[in-house]
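Numbering (this note's numbering), first residue to last: 320 to 555.
Idealized CB from N, CA, C, for every residue including glycine.
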């Protein structure tokens with residue numbers, strides 16, 4: 320009986336190791352909606368949450384726009400493991416950058432993981448652009464946000480960007496939603512009629528006040544030239 324018992328145990332482990340992961344709704348806990356979108360923008364939001372153990376991993380995000388309701392489904396994969404310690408309780412933070420795309424001006428309702436115990440609902444306002452062009456401003460070509468040793472807790476950071484020789488930094492504008500995010504707009508101005516192929520790497524210092532936000536995490540949402548934002552999440 321002993322060899323048979325060992326064989327069954329090995330067979331069980333092999334089956335668990337090759338089991339198909341189960342697709343489940345991700346345990347989301349917060350939705351960040353930056354302020355300042357208009358109908359010329361690529362709308363982006365950020366969803367965060369915590370997996371209960373390492374056997375959960377990110378899967379995908381589905382976005383469905385139906386009139387003024389936008390349903391976002393964030394799913395994860397639940398894997399089976401023959402090693403029980405791998406699935407031991409351990410909080411694993413995750414975040415998903417969600418691209419909604421271009422929307423007409425108006426008021427929208429965002430619904431995350433509708434009907435679940437972790438459902439989140441928030442409002443999104445998209446304004447009418449004052450310009451018929453692609454955007455009201457030319458933003459810097461930001462590569463990433465450098466928050467330094469303090470992780471942005473000191474209230475300052477640096478935008479690392481590429482600058483064509485025909486542009487120069489004009490000003491940096493800030494737009495806070497007062498709750499959990501601040502839109503940062505590094506606006507460029509033209510100094511030459513045409514650009515060459517020469518790009519210079521520059522650093523743009525930014526400053527912000529974390530005390531104005533009510534949530535314990537703050538999203539720095541940086542608008543960029545290519546329409547795809549760069550961001551950093553700061554835990555207060």
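Under DSSP, residue 429 shares a beta bridge with 389 and 441. Looking from the CA of residue 535, the closest CA among 500, 521, 382 and 516 belongs to 500. For residue 370 and residue 480, the gap between their C-alpha atoms comes out near 33 Å. A distance of 8 Å or more separates the beta carbons of residue 486 and residue 541.
Apart from the 5 residues on each side of it in sequence, residue 418 sits with its Cβ closer than 6 Å to the Cβ of 363 in its chain, given in chain order. Cβ neighbours of residue 404 within its own chain (closer than 7 Å, five residues either side excluded): none. Under a 10 Å Cβ-count criterion, residue 490 is classified as exposed, with fewer than 16 other Cβ atoms of the shown protein chains found around its own Cβ. Residue nearest to residue 448 within the set 357, 347, 538 and 382 is 357 (criterion: CA-CA distance). Between residue 427 and residue 391 the beta-carbon gap is near 11 Å, outside 8 Å, which marks them as no contact.
Residue range 341-344 is occupied by the beta strand (DSSP E) that includes residue 341.
Annotated three-state conformation of residue 531 is helix, per DSSP. When only Cα atoms are considered, residue 505 and residue 459 end up about 6 Å apart.
For residue 414, DSSP records a beta bridge to 367.
Shortest Cα-Cα distance from residue 482 to any of 456, 544 and 411 involves 544.
Exclusion of the five residues before and after residue 510 leaves 485, 486 and 487 as the residues of its chain whose Cβ lies within less than 8 Å of its Cβ. Linking residue 407 to residue 350 through their CA atoms gives a straight-line distance of about 27 Å. Annotation for residue 551: the continuous beta strand (DSSP E) segment containing it runs 549-554. Restricting attention to 354, 376, 347 and 366, the CA atom closest to the CA of residue 341 is found in 376. In chain order, 495 and 497 place their CB closer than 8 Å to the CB of residue 531, counting only its own chain and leaving out the 5 sequence neighbours on each side. Taken through DSSP and simplified to helix, strand or coil, residue 404 comes out as helix. Of 434, 467, 410 and 551, the smallest CA-CA separation from residue 373 is found for 410.
In the DSSP secondary-structure assignment, residue 465 is bridged to 477. In this structure, the beta-carbon distance from residue 397 to residue 343 falls below 8 Å.
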